[in-house]
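Enquirer: Under my numbering, the first residue of the sequence shown is numbered 22, with each subsequent residue one higher.
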Amino acid sequence: MIVGIPKEIKRDEYRVAILPVGVDEFVRAGHHVLIEEGAGLGSGLTDAAYQASGAQIVAKAADVFGRADMIMKVKEPLREEWPLLRRGQTIFTYFHFAADRELTEAVLKSGATAVAYETLRDEQGRLPLLTPMSEVAGRMSIQEGAKYLERPQMGRGILLGGVPGVAPAHITILGGGIVGANAAKVAAGFGADICLLDVNMDRLRYLDDVMPANVDVLFSDRHIIREQLRLADLVIGAVLIPGAKAPRLIERADLKLMKPGSVLIDVAIDQGGCMETSRPTTHSEPTYIIDEVLHYCVTNMPGAVGRTSTYALCNVTLPWALQIAKQGIEAAAQRSKPIARAVNIMAGEVTNEPVAATFGLPYVKRFEV
Ligand SMILES: NC(=O)c1ccc[n+]([C@@H]2O[C@H](COP(=O)([O-])OP(=O)(O)OC[C@H]3O[C@@H](n4cnc5c(N)ncnc54)[C@H](O)[C@@H]3O)[C@@H](O)[C@H]2O)c1
22 MIVGIPKEIK RDEYRVAILP VGVDEFVRAG HHVLIEEGAG LGSGLTDAAY
72 QASGAQIVAK AADVFGRADM IMKVKEPLRE EWPLLRRGQT IFTYFHFAAD
122 RELTEAVLKS GATAVAYETL RDEQGRLPLL TPMSEVAGRM SIQEGAKYLE
172 RPQMGRGILL GGVPGVAPAH ITILGGGIVG ANAAKVAAGF GADICLLDVN
222 MDRLRYLDDV MPANVDVLFS DRHIIREQLR LADLVIGAVL IPGAKAPRLI
272 ERADLKLMKP GSVLIDVAID QGGCMETSRP TTHSEPTYII DEVLHYCVTN
322 MPGAVGRTST YALCNVTLPW ALQIAKQGIE AAAQRSKPIA RAVNIMAGEV
372 TNEPVAATFG LPYVKRFEV
């Protein structure tokens, strides 16, 4: 198979879909790898490193799309890339179709097969190609929170860990899943005072067992949240209800409870956000202030730490990509349910039920899922 990796063209996106070691694995398995010139530079990976592993560097995205049987990407194909997709070609990347009707229609029209990272679900119900990005965003949320609590960034002028004789910052984390647990772990290392809230009792019991002593684990309800807002220097929004918009846990009027200069980081913004005042922002303009509370709502947080994110993503995508390259998408989806669940669109038909339902399109069941 010819495997192609174009350069990502979305604004503020520094990740790339393959590492030199991935090229090595494909070449050893008998495949040919095409990489667009400079595709890895945002993550500090040079063309020379890819070449040394056996990749062929090509000048233009059109050459990659034109020749490859399987394209590996990070973000969904953008409008400029739509005309390059073609029937019989497999595209393995994040798509998030349900959020974008135009993209769905463009991929349907192209006849290409869309294999979406975000719906590849294993037998335990986990989403292994989403987890590493939640780990990155969770850990990064504390790093960003620490930065924006600094006075020159318009924060309260608080050091997360305090110093001997001065209290540390109080951090409230809404949601104790992958993002929340990773945020709590990093914040605990800083020596902050943390409350981690969730509604799932089994999850709360687990977190209570494993979290360090400076993390209190609490049941999340409206009263507790309001109580926390009075105490918090930093609030992290990390809730998720699978397949639904994020629940709205903080209303505009609640901001009045918070201290001036405190910081809200709504990681759940990619699902609409869990705060009424959240609106999507970018790495170039990540924050805004409402009622003296600083908001940070970047929808693609992992993009800023491209190198870490690239390694974390490629570690988990490569085994699946090798399987698809070895068997072809049709046979791979017949033999592997996780891969079958990832096939959202094939040859002009929607093969994922929720995507079809979202847009009122016919659902075609091609594989057992
Ligand atoms: N902005 C970004 O760049 C970025 C990156 C990665 C993930 N995310 C988003 O972060 C969010 C969290 O992701 P995750 O992987 O941690 O999900 P997850 O499913 O692992 O965890 C979500 C947690 O929220 C809890 N929850 C649900 N309702 C709640 C409520 N009312 N109060 C408190 N907790 C509640 C659930 O019980 C669960 O434990 C998602 O929306 C995800 O899309 C954003």
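By construction, the Cβ of each residue, glycine as well, lies at the ideal position given by its N, Cα and C atoms.
1) Identify the continuous beta strand (DSSP E) that holds Ile163 and give its terminal residues.
2) Pull up the CB-CB distance for Gly59 and Lys31, whole angstroms please, since I reckon it's below 8 angstroms.
3) For Gln292, collect the residues of the same chain with a Cβ closer than 7 angstroms to its Cβ; drop the 5 residues on either side in sequence, then sort them by chain order.
4) At the level of alpha carbons, what is the spacing between Ile271 and Glu297?
5) Leu225: which of Phe211, Lys206 and Gly197 sits nearest, CA to CA?
6) Excluding the 5 residues flanking Gln77 on each side, which residues of the same chain have their C-beta closer than 8 angstroms to its C-beta?
7) Could you name the residues of the same chain whose beta carbon sits closer than 7 angstroms to that of Arg88, not counting the 5 residues immediately before and after it, in chain order?
8) Go to His117, then tell me how far its alpha helix (DSSP H) extends in each direction, as first and last residue.
9) Return the Cβ separation of Leu148 and Glu139 in integer angstroms, given the expectation that the two are a contact with Cβ distance under 8 angstroms.
10) By the three-class DSSP mapping on this structure, what secondary structure does His316 have?
11) How long is the line joining the alpha carbons of Val390 and Pro189, rounded to whole angstroms?
12) If we ignore side chains and look at the alpha-carbon of each, how far apart do Pro173 and Gly166 end up?
13) Cβ of Ile366 within 9 angstroms of Cβ of Thr134?
14) Bridge partners of Ala17, per DSSP?
15) For Ala145, does the count of other Cβ atoms within 10 angstroms reach 16, so buried, or fall short, so exposed?
16) Going by C-alpha distance, which of Ala352, Ile257 and Gln355 is nearest Val319?
17) Within the continuous alpha helix (DSSP H) that includes Cys335, where are the two ends?
18) Cutting at 7 angstroms between CB atoms, please list the residues of its own chain near Pro229, excluding the five before and the five after it.
19) Looking at Leu217 and Leu250, is the spacing between their C-beta atoms short of 9 angstroms?
20) Evaluate contact between the region 86 to 104 and the region 112 to 128, counting only Cβ atoms and requiring at least three cross-stretch pairs below 8 angstroms.
21) For Leu217, does the three-state DSSP call read helix, strand or coil?
22) When you compare the CB positions of Gly186 and Gly212, do they come within less than 9 angstroms of one another, or not?
23) May I ask you to check if the CB of Leu261 is nearer than 8 angstroms to at least one heavy atom of ligand 1?
24) Please tell me whether, using a cut-off of 8 angstroms, the distance from the CB of Ser299 to the nearest non-hydrogen atom of ligand 1 is below it.
25) Measuring only between beta-carbons, confirm whether Ala325 sits less than 9 angstroms from chain D.
26) Could you check if Val288 belongs to the surroundings of ligand 1, using beta carbon to heavy atom distance under 8 angstroms?
27) Measure from the alpha carbon of Pro98 to the alpha carbon of each residue in Asp90, Gly61 and Ala82, then state which is nearest.
28) Any chance you could list the beta strand (DSSP E) runs of at least 3 consecutive residues sitting entirely within the region 178 to 210, in chain order?
Expert: On the basis of the coordinates in this document:
1) Taking the first residue of the sequence shown as 1, we reach residue 163 at position 142. First-last for Ile163: Thr152 to Tyr169, but that is the alpha helix (DSSP H), not the beta strand (DSSP E).
2) What you label residue 59 is simply residue 38 of the sequence shown in a count that begins at 1. What you label residue 31 is simply residue 10 of the sequence shown in a count that begins at 1. Gly59 to Lys31, Cβ: 15 angstroms. No contact.
3) Counting from one through the sequence shown, the residue named residue 292 turns up at place 271. Counting only Cβ-Cβ distances below 7 angstroms, and skipping sequence neighbours, we find Leu261, Lys266 and Ala267.
4) Within the sequence shown, the letter at position 250 stands for residue 271. Within the sequence shown, the letter at position 276 stands for residue 297. Approximately 6 angstroms, taken between the alpha carbons.
5) The residue given as residue 225 occupies position 204 in the sequence shown. Of Phe211, Lys206 and Gly197, the residue nearest in Cα terms is Gly197.
6) Reading the sequence shown from its first residue, position 56 is the one you call residue 77. Listed in chain order, the non-local C-beta contacts of Gln77 below 8 angstroms within the same chain comprise His53, Val54, Leu55 and Ile56, local neighbours out to five positions each way being set aside.
7) Translated into the one-based positions of the sequence shown, residue 88 becomes position 67. Counting only Cβ-Cβ distances below 7 angstroms, and skipping sequence neighbours, we find Ile23, Gly25 and Leu55.
8) Position 96 of the sequence shown, counted from the first residue, corresponds to residue 117. No alpha helix (DSSP H) holds His117; DSSP gives it neither H nor E.
9) Position 127 of the sequence shown, counting from 1, holds the residue named residue 148. Position 118 of the sequence shown, counting from 1, holds the residue named residue 139. That belief holds up - the Cβ atoms of Leu148 and Glu139 are roughly 7 angstroms apart, short of 8 angstroms.
10) To locate residue 316, count along the sequence shown from 1; it is residue 295. Of the three classes helix, strand and coil, the one that applies to His316 here is strand, per DSSP.
11) Counted from its first residue, the sequence shown places residue 390 at position 369. Counted from its first residue, the sequence shown places residue 189 at position 168. Taking the straight line joining both Cα atoms gives about 49 angstroms.
12) Taking the first residue of the sequence shown as position 1, residue 173 is located at position 152. Taking the first residue of the sequence shown as position 1, residue 166 is located at position 145. Approximately 13 angstroms between the Cα atoms of the pair.
13) Within the sequence shown, residue 366 is the residue found at index 345, counting from 1. Within the sequence shown, residue 134 is the residue found at index 113, counting from 1. A contact, by the Cβ cut-off of 9 angstroms.
14) The first residue shown for the chain is 22 and the last is 390, placing residue 17 beyond what the model contains.
15) Mapped onto the sequence shown, residue 145 falls at position 124. A quick correction: the sequence has Gln, not Ala, at residue 145. Exposed, because fewer than 16 other Cβ atoms sit within 10 Å of the Cβ of Gln145.
16) By one-based count along the sequence shown, residue 319 stands at place 298. Among Ala352, Ile257 and Gln355, the Cα nearest to that of Val319 is on Ile257.
17) Taking the sequence shown and counting its residues from 1, the one referred to as residue 335 is at position 314. Where Cys335 is concerned, the enclosing alpha helix (DSSP H) stretches over Gly327 to Gln348.
18) Residue mapping note: residue 229 aligns to position 208 of the sequence shown, counting from 1. In the sequence under discussion, the amino acid at residue 229 is Asp, which differs from the Pro named in the question. If we look at Asp229 and ignore the five residues flanking it on each side, its Cβ neighbours are Val238.
19) Here residue 250 corresponds to residue number 229 of the sequence shown, with the count starting at 1. Here residue 217 corresponds to residue number 196 of the sequence shown, with the count starting at 1. No.
20) yes
21) As a working note, residue 217 is residue 196 in the sequence shown. The DSSP-derived three-state label of Leu217 is strand.
22) Mapped onto the sequence shown, residue 186 falls at position 165. Mapped onto the sequence shown, residue 212 falls at position 191. No, the pair does not count as a contact, with Cβ atoms beyond the cut-off.
23) In the sequence shown, the residue the question calls residue 261 occupies position 240. Yes, ligand 1 has a heavy atom inside 8 angstroms of this Cβ.
24) Here residue 299 corresponds to residue number 278 of the sequence shown, with the count starting at 1. Not so, every heavy atom of ligand 1 lies at least 8 angstroms from the Cβ.
25) Absent from the structure: chain D. Only one protein chain is present.
26) In the sequence shown, counting from the first residue as 1, residue 288 sits at position 267. With a cutoff of 8 angstroms, Val288 counts as near ligand 1, since its C-beta is closer than that to a heavy atom of the ligand.
27) Taking the sequence shown and counting its residues from 1, one reaches residue 98 at position 77. Looking only at Asp90, Gly61 and Ala82, the smallest Cα-Cα distance to Pro98 is reached by Ala82.
28) Correct list: 191 to 195.
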